[in-house]
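A short write-up of the structure that comes next.
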Amino acid sequence: MKAIYNKLIHGLSFCLLLAMVSCDKDFEEVNKNPNSPEQVPSSLLLPNIIRNAASESAGQAWGIGNVVMQYTAKIQFTNEDRYNWGPEGDPYNIYYNSLRDVNNVIEISGELGENNYVGVALVVKSLMYAFMTDAYGNLPYTEATSAKEEINYPKFDSQEVIYEGIIQDLELANEILGTSTESVDGDILFQGDLMKWKKFANSLRLRALLRISDKKDPTAGMQEIVSNPTQFPIFEGNEDNAALQHLQDVPNQHALYTTRSGSFDEYRLSTTVESYLKGMKDNRLYAYFQPTNNSGAGLIGEEEDYAGVPNGLADEDAVGYSPTGDPELGGSNHISRVGVFFSCLACSDDASPIGYQSLFMTYSEVQFILAEAKEKGYIETGDAATYYENGIRSSFDYYESRLRVANLGEIADVLQPEESYFTQNSVEYSGSSEEKLEKIGTQKWLSLFFNGLEGWFDWRRTGIPEINPGPAAYISTVPVRFMYPTGVQALNKQNYLDAVAAQGEDRITTRVWWDVE
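Each residue of the sequence shown is one higher than the last, beginning at 555 in this note's numbering.
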């Protein structure tokens, strides 16, 4: 009996050992959770990357870009308008979080030979880094998002190094897009149209080359692009705009559509842009802003039905401001809101969730870049006056078409300028080279309304138009950069201190590398 018992125990032990060996052999396969994949395909990463980039750009345009460039002014909570800026957490945090996914797309698709996904990711990477470095200056770049390589405290690279990388990545993107066969699923910007991504890459390279033109001669790079449109296509019309189209349903409506009316109403027409638009009889006034409540006009009024408020007023002065100087005619009902085209649902029955698009770059901007490049002798191709007029007309055309999408045909019908608009002394492409460059810069500024921080970035390079701090501003000059986030100062302290030592004090008055006085 004991012998039988021992044989039974031995047999059970052998079976158990066999089971353990077998289990260990397939352990990794057995313990993979099919509902939690270890590697996400690029098609699932891309939509969120693009959406985050667009949302942050639009949010920065609304909260800072429009205000600092005096398209809008605040009538409540005026700290931004008075340059009481502290450390800025975004776009730093938002974009670096997204750049981890961008790097994953490059790694995943690179291993699979999916050059189209890699090319798209390189364009978005360049877009994000350009936005961040123009805002902050020196940044983690060559060692950024490298936690997998156990680099938890990345060094800050100079802006010169960052721009070299941006330009190289855009060149590579143009080269590899279209060299593989996969369709780019998840592309919510261009719906998989690779030619539009190539145009975006080369248009962004023109922007980058011009941005650093006071530090590095852009002639060779810009001429290479414009002299060979087959190899280096760029935006050819508004249909090529890098503009995210929003949808009817939550959460894909435009950024302001679901905001509170109180938040929307804090921002009003600035007297700075008002003076330019009215002075030139520029009908974009009717798209960018609304008639005052006091005027009694509907969607559109006469020029005198629009009134602005100066930038940089103290809170108590801003909320009761009177455009006429009569205190009985002061307050929010006498100051124009931002246009109904951009409006929130709670603000207007005419608000549209899909008319406004989040803009990265437009054909209009590219034409102004080329006009300046031609006027300065950076390119030999084309005619500066033609580029300049194309930039103006395409801006009007864009807003007319988008107003019609938003069912705001009443405004669209009056938007297009008379031909006399182009023969005004302030608009006609005539005068000295300096005068022509001022006209290019002014029209470019007018076209960049609600386009990220691009108006601010470009103004810091050109100084066009004249922007002056308001009477209650905390500093006597317009800010020229963001301060680094407090988290960076705390968690990556030594590299932060090295960056400040190289670039200058971490203040909003410290110029970045390309920003030459």
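Positions of the beta carbon are idealized from the N, C-alpha and C atoms, including for glycine.
Distance, residue j Cα to residue i Cα
| i | j | result |
| --- | --- | --- |
| H808 | A1056 | 39 Å |
| S849 | D859 | 5 Å |
| S652 | A755 | 19 Å |
| Y917 | Q1043 | 39 Å |
| G995 | L666 | 45 Å |
| I854 | Y717 | 44 Å |
| G816 | E634 | 17 Å |
| E856 | G664 | 57 Å |
| E820 | F914 | 25 Å |
| S897 | G885 | 20 Å |
| D768 | V1070 | 7 Å |
| N638 | Q593 | 44 Å |
| L598 | N887 | 46 Å |
| P783 | D1052 | 42 Å |
| S987 | S700 | 47 Å |
| K990 | N944 | 15 Å |
| A868 | P1023 | 12 Å |
| A900 | N961 | 17 Å |
| Y842 | Y975 | 18 Å |
| G852 | Q844 | 9 Å |
| T733 | P601 | 22 Å |
| N1046 | G775 | 36 Å |
| T813 | I1021 | 29 Å |
| V968 | A698 | 49 Å |
| G791 | V892 | 26 Å |
| L801 | G985 | 45 Å |
| R947 | E703 | 50 Å |
Residue i, buried or exposed, once every other Cβ within 10 Å from all chains shown has been counted against 16
| i | result |
| --- | --- |
| G640 | exposed |
| A684 | buried |
| V873 | buried |
| P881 | exposed |
| S737 | exposed |
| V863 | buried |
| Q970 | exposed |
| P1025 | exposed |
| L763 | buried |
| P805 | exposed |
| T632 | buried |
| K750 | buried |
| V674 | buried |
| L743 | buried |
| K752 | buried |
| E954 | buried |
| D803 | exposed |
| Q745 | exposed |
| E610 | buried |
| K993 | buried |
| G931 | exposed |
Check: residue i C-beta below 6 Å from any heavy atom of the ligand MG
| i | result |
| --- | --- |
| I908 | Here there are no bound small molecules, and the ligand MG is not part of this structure. |
Cβ shell of residue i (< 8 Å), same chain only, five flanking positions each side left out
| i | result |
| --- | --- |
| Q978 | M834 and K835 |
| Y503 | Residue 503 lies beyond the range of the chain shown here (555 to 1071); nothing can be said about it. |
| G1064 | Looking at the sequence provided, one finds Thr at residue 1064 rather than Gly. Excluding residues within five positions, the ones whose Cβ falls inside 8 Å are G691, V1034, R1035, Q1057 and G1058. |
| W999 | M623, G1009, D1012, W1013, I1018 and P1019 |
| L839 | E828, L831, K832, E857 and Y860 |
| N1049 | P694, Y707, P708, K709 and F710 |
Contact set for residue i: own chain, Cβ-Cβ below 6 Å, skip 5 residues either direction
| i | result |
| --- | --- |
| E582 | In this prediction, E582 has a pLDDT of 48, which is less than 50 and means its spatial position is unreliable; nothing more can be read from the coordinates. |
| S949 | S918 and S1001 |
| S902 | V894 |
| K561 | A caution first: K561 carries a pLDDT of 44, below 50, which makes its placement in the model too unreliable to give a value. |
| S980 | M834 |
| A797 | Q911 and L913 |
| V1066 | G691, Q713 and R1035 |
| Y649 | M682 and M686 |
| T1040 | P641 |
| E982 | none |
Own chain residues within Cβ distance below 7 Å of residue i, not counting five before or after
| i | result |
| --- | --- |
| I779 | N756, R759, L760, F786 and I788 |
| G719 | Y695 |
| D1060 | M1037, Y1038 and V1054 |
| K679 | L653, V656 and D723 |
| A607 | S652, V678, L681 and M682 |
| A1027 | R636, Y637 and G866 |
Integer Cβ distance of residue i from residue j, believed to fall under 8 Å
| i | j | result |
| --- | --- | --- |
| I889 | T846 | 6 Å |
| T626 | S824 | 5 Å |
| I662 | P595 | 7 Å |
| I933 | Q777 | 5 Å |
| I766 | W1068 | 5 Å |
Contact with chain B by residue i, beta-carbon distance below 7 Å
| i | result |
| --- | --- |
| S986 | Here chain B cannot be found, since the structure has a single protein chain. |
Q.
Taking 8 Å as the cut-off, does the stretch 683 to 698 touch the stretch 635 to 650 (at least 3 CB pairs, one atom from each stretch)?
A. Because the criterion of three Cβ pairs below 8 Å is met, the stretch 635 to 650 and the stretch 683 to 698 touch.
Q. Would the stretch 723 to 734 and the stretch 751 to 765 be scored as touching if the rule is three or more Cβ pairs under 8 Å?
A. Output reads yes: the stretch 751 to 765 touches the stretch 723 to 734.
Q) Is the stretch 1004 to 1012 close to the stretch 609 to 628, with three or more CB pairs under 8 Å? A) Touching, yes.
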